[in-house]
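Student:
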Amino acid sequence: MFQKFESTQYPPTSGTVLVWDGECGFCRYWVTRWQHLTKGRIQFEIYQDVASQFPDIPLKEFKKASRLIEPDGKVYSGPDSAYRSYTYAGQRFPWHRWYVTYRWFQKLSDHAYNHIAKNRTFYFKVTKVLLGSDPKNLKPYWAVYLLIILGVFYVLSVFL
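According to this note's numbering, the stretch in the sequence shown is residues 405 to 564, in order.
(1) Please report the straight-line C-alpha distance between D425 and F563, rounded to a whole angstrom.
(2) For the pair the stretch 488-505 and the stretch 522-529, tell me if three or more CB-CB distances fall below 8 Å.
(3) Quick one, are the C-beta atoms of T442 and S489 less than 8 Å apart?
(4) Residue ranges of each alpha helix (DSSP H) run of no fewer than 4 residues wholly in the stretch 432-462, ordered along the chain?
(5) Do you know whose CA, among Q413, A521, D476 and R496, lies nearest S470's CA?
(6) Quick check on the DSSP output: the beta strand (DSSP E) that includes L535 runs from which residue to which?
(7) State the Cα-Cα distance for the pair P498 and S485, rounded to the nearest angstrom.
(8) Given that a residue counts as buried once 16 or more other Cβ atoms are within 10 Å of its Cβ, and exposed if not, what is F466?
(9) Assign S561 to one of three DSSP states: helix, strand, or coil.
(10) Whose CA, out of A516, R445, P416 and K543, lies closest to the CA of G477?
(11) Measuring only the C-alpha atoms, how far is S513 from P483?
(12) Evaluate R501 with the Cβ neighbour count: other Cβ atoms within 10 Å of its Cβ, from every protein chain shown; 16 or more gives buried, anything less gives exposed.
(13) Does DSSP classify R488 as helix, strand or coil?
(14) Looking at V421 and E449, is the spacing between their C-beta atoms short of 8 Å?
(15) Just tell me which of Q439, D538 and I473 has its CA closest to the CA of V454.
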């Protein structure tokens, strides 16, 4: 499981930065999506290039989870880095608020994030099937796939 950090003593001087794994296709897909949504309000940097700028966050922790680092030094880790990034996109999703308010949502998010991080190749393929190959232009019928999958899980849970 990834370690969370409240803050860094070495905040970025040029604005909010999301630090991610540049060798991960799944990560690249979602970073491309967030770049499109945030329209330059967040800088996206790969940990391979900038981890040394934050010496109070161990390199091994950058390898485990993304980090959204704000100019005041506040650090959001793992799923909360994604949830917080939506606030820079002007999105009114409640996920960041839920993450800090509801312990059950935080635990669920952290465990899901950790599972996805350990199975990135598989989830990258699933993401492309459900949402398409272009993260800037998601397929309009992705919800149909999701509903089918949820229906299958429901039927399996009823009959098993």
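No residue lacks a Cβ here, since even glycine has one placed at the ideal position from N, Cα and C.
Tutor: Short version:
(1) 41 Å
(2) no
(3) yes
(4) Qualifying alpha helix (DSSP H) stretches, in chain order: 451-454.
(5) A521
(6) Looking at the DSSP string, L535 is not in any beta strand (DSSP E); the run it does join, the alpha helix (DSSP H), is R524 to L535.
(7) 14 Å
(8) Counting Cβ neighbours within 10 Å, F466 comes out buried, since at least 16 surround it.
(9) helix
(10) P416
(11) 6 Å
(12) Burial check for R501: the Cβ neighbour count within 10 Å stays below 16, so the residue is exposed.
(13) helix
(14) yes
(15) I473
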